[in-house]
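Numbering (our numbering), first residue to last: 3 to 268.
Ideal Cβ placement from N, Cα and C applies to all residues, glycine included.
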Amino acid sequence: MTDLVDSMLDLMRRLPPTRVEENVSALVNICPDYADDLLGSVDQPLKLKTDRATGREYLACDYNRDGESYRSPWSNEYDPPLDDGTVPTPKLRQLEIKANEAFDTYREMYFEGGVSSVFLWDLDDGGFAGVVLFKKSLNPSTASEPSGSWDSIHVFEAAERGRQAHYKLTSTIMLELGIKSSGDISLSGSMTRQTEQDCPVQNQESHITNMGRMIEEMEIKMRNLLQEVYFGKTRDVVYDLRSIESLERQRRQRELQKELVGFMKR
């Protein structure tokens, strides 16, 4: 079992990231018995759904999925309806409601649009875990405008230790950009980082403040890394392939350099 799942994950790392949903679906059809293991291990672009009770949009992923239904963070109901779907305890549900309000404000400040969702669940050791999701998409009105999407998945665990709590955060960002004005150009990929931190806790709402600070710092760090790795390297490759200056001008510059070197050696 482990070898087969590892082989599927190894294959996914070598397939185009722009077709991750198609590839996951194909592997699930080939090995349906390992669908849960694969879906729980491969990050896919977040899907938008609408809460029928409130009319608000939310994000669907493996963390709010139960079978073929997805739970809304706004109404706490599953779509399609599920009588025995997993939901947080009343105390944790109250924290989930406040967390969704807080990160919805964070989303508006940092992304100026998009959709956010927060889902929490209890752990067997007495702590709790959760996931904070953000999605921002570019929907071009014309073919000359760029298209793309930004998906953030922040999974964390919180364990209280007296007046402090220990947090484990795993953050994944999936980026996709496309331009069709000068030929089909696609830039896509994902990045995952982990961190752990101890923070003081005064009440339940302290968890929102602590996790908000950790997620904010992680997103800033990963944005800078993405800018350096993806955009910086792409710019270097493009500049190496296509010179802004003409070949004739470069040839004259090389000849001038040789003449100067010759005069200096005399």
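*Contact under 8 Å by Cβ, GLY132 with PHE158*: Less than 8 Å separates the beta-carbon of GLY132 from that of PHE158.
_Segment contact flag, the segment 203-217 with the segment 41-52, C-beta cutoff 8 Å, min 3 pairs_ = The segment 203-217 is not in contact with the segment 41-52.
*Does the segment 112-123 come within contact of the segment 132-142, defined as at least 3 CB pairs closer than 8 Å?*
Yes: the two stretches touch, three or more of their Cβ pairs being nearer than 8 Å.
*Is the segment 162-174 close to the segment 72-80, with three or more CB pairs under 8 Å?*
Between the segment 162-174 and the segment 72-80 there are fewer than three C-beta pairs closer than 8 Å, too few to call the two in contact.
*State the Cα-Cα distance for the pair GLN166 and GLU207, rounded to the nearest angstrom.*
Put simply, the backbone Cα of GLN166 is about 13 Å away from that of GLU207.
_Buried or exposed, going by whether 16 or more other CB atoms sit within 10 Å of the CB of ARG15?_
A residue is called buried when at least 16 other Cβ atoms come within 10 angstroms of its Cβ; ARG15 does not meet this threshold and is exposed.
*Taking just the CA atoms, how far does GLN229 sit from LEU262?*
Looking at the two C-alpha atoms, the distance is approximately 39 Å.
*Which of helix, strand or coil does DSSP assign to PRO202?*
Strand, per DSSP.
_LEU48 vs ALA37 beta-carbon contact at 8 Å_ = Contact: no.
*asked:* For ASN102, tell me which candidate among MET213, VAL22, MET10 has the shortest Cα-Cα distance.
replied: When each option's Cα is compared against that of ASN102, the closest is MET213.
*Measure the alpha-carbon distance for LYS223 versus ARG215 and round it to whole angstroms.*
Rounded to whole angstroms, LYS223 to ARG215 spans 12 Å at the Cα level.
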